[in-house]
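The block underneath contains the structure these notes are about, expressed in structure tokens.
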Amino acid sequence: MEAAGYRIEKAQAMDRGAMLDLWRSIPGLGVGPGDEDESLRIFMEKNPSTCLVLRDQAGLIGTVLGGFDGRRGYIYHLAVHPDHQGRGYGKALINQVTCELKALGAKKMHLFVYGDNHTAIAFYQSRGWDLRQDIQVFSWNAG
Numbered sequence: 417m418e419a420a421g422y423r424i425e426k427a428q429a430m431d432r433g434a435m436l437d438l439w440r441s442i443p444g445l446g447v448g449p450g451d452e453d454e455s456l457r458i459f460m461e462k463n464p465s466t467c468l469v470l471r472d473q474a475g476l477i478g479t480v481l482g483g484f485d486g487r488r489g490y491i492y493h494l495a496v497h498p499d500h501q502g503r504g505y506g507k508a509l510i511n512q513v514t515c516e517l518k519a520l521g522a523k524k525m526h527l528f529v530y531g532d533n534h535t536a537i538a539f540y541q542s543r544g545w546d547l548r549q550d551i552q553v554f555s556w557n558a559g
């Protein structure tokens, strides 16, 4: 997808370093185990149509990762560089990844946000996402 001054395209192997750097620069995003180059490579290979980057003339300024497990779509690391936020880029990325996930058959999608990331919570609520109160997330680290 291309619009005035930017384009959204499928992430490529050469984008991984810039993607990781962007995520590390965004307060509240949460980069941890599983967010290293090799894990990102595997995720992108398994989800080629739903791992997206947003570029302007200066380079990569936004990302979103979408995954589909056959039942649900999952969205991770929707990020826009702080210098470029507030211009509709996040909305464009979330719209594109949800379209791609729907095309794969996802009828329901989930995403995760830290409870103290009020900016992200407000963004997703403004886009029509429901903040669930009925479930809790459990995590287990294998390594």
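Residues 417 to 559 in our numbering are what the sequence shown spells out, letter by letter.
Quick reminder that beta carbons are idealized off the backbone N, C-alpha and C, glycines included.
These numbers were taken from a predicted model, which means no experiment stands behind them.
Fill in: Start and end residues, alpha helix (DSSP H) containing F484
Element bounds for F484: not the alpha helix (DSSP H) but the beta strand (DSSP E), 475-484.
Worksheet item: Since G504 is in the beta strand (DSSP E), which residue starts that stretch and which ends it?
Response: No beta strand (DSSP E) contains G504, which DSSP labels as neither H nor E.
Worksheet entry | Cross-strand partners of K426 (DSSP beta bridge) | L468
Worksheet item: So, are the CB atoms of I442 and A508 less than 8 Å apart?
Response: no
Item to complete: Figure out for me which residue from F528, F459, W545 has the closest Cα to the Cα of V553.
Response: F528
Worksheet entry | Selection from G421, Y492, R440, A519 that minimises the alpha carbon distance to L468 | Y492
Discussion item. On the DSSP letters alone, give me the boundaries of the beta strand (DSSP E) that H493 sits inside.
Written reply: 489-496
Worksheet item: With a Cβ-Cβ cutoff of 8 Å, do E516 and G482 count as a contact?
Response: yes
Worksheet item: Closest to R457 by CA distance: which of R432, G444, P449 is it?
Response: R432
Worksheet item: Can you list, in chain order, the residues of its chain whose CB lies under 8 Å from that of G475, leaving out five sequence neighbours each side?
Response: A434
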